[in-house]
Amino acid sequence: MKKQLISLLVENQPGALMRVAGVLTSRGYNIESLTVAKTLDPTLSSMTIVVDDVSDDNRELLIKQITRLVNVIKAVDLTDSKSVQRELALIKVSSVRPELRSALTKEAEIFRARIVDVAPTHYTLEVTGSPDKIEALIDLLHHYGDVEMIRSGSMAMARMPKNQLPTPMFRMDADEASIETAVDSQG
């Protein structure tokens, strides 16, 4: 069994989150992370849910059950799909010895973390990235002092295949190769 990454598009209505969470909890699944936000269309919200310990046999069934809910417009299993997945973490490292502070700063730079607060007793870092990247940074920071951390839930978006990119505005006589080249140069 492994974690399941689910992306949902739901109506931005009271109770939508409760219904989705109800389906998961009534079947005994633990929600590891949950992120919800309005989309560009204020009547819709996007949800990204990471669920623990879902067997391969039950993944498709779970998506079907969620899709049947009243406010759910679309549910997609991104577990094995090509997708971009990111989290945000704030990490406080306390009791950093003065001789280790420059090394901590260099390690933070390697992970593209930003130091957002410095005090005599601690450093606070902000980092975004894949869950694995954040875990690796947290593991590394334990060598510098006591670590306290809070992180957002995962946000994920399916990567769009080239043949599904929005049609760009080109002359009607443009051939497919020149359109593809122009789209690639815009990316």
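This note's numbering puts the first residue of the sequence shown at -19, with every later residue one more than the last.
C-beta atoms are modelled at their ideal positions from N, C-alpha and C, and glycine is treated no differently.
When the alpha-carbon of L(-3) is set against those of D97, E79, S35 and T15, the nearest one is in T15.
In the displayed model, L20 falls within coil according to three-state DSSP, outside both helix and strand.
Sequence-distant Cβ neighbours of L(-15) in its own chain, meaning closer than 6 Å and more than five residues away, are V30, L58, T59 and A136.
Straight across, the Cα-Cα distance linking P78 with N10 is about 41 Å. Counting along the chain, the unbroken alpha helix (DSSP H) around V0 starts and ends at A(-4) to S6. The continuous stretches of alpha helix (DSSP H) do not include A99, which lies in the beta strand (DSSP E) extending over residues R94 to A99. For E106, there is no enclosing alpha helix (DSSP H); the enclosing beta strand (DSSP E) covers residues H102 to G109.
In the three-state DSSP reduction, T28 falls in the strand class (E or B).
Straight-line measurement puts the Cα of E128 at about 29 Å from the Cα of S26. A direct Cα-Cα distance of roughly 30 Å separates S110 from P100. For T59, the three-state secondary structure derived from DSSP is coil. With a cutoff of 9 Å on beta-carbon distance, T104 and L68 are scored as not near each other. Under DSSP, D126 forms a beta bridge with S74.
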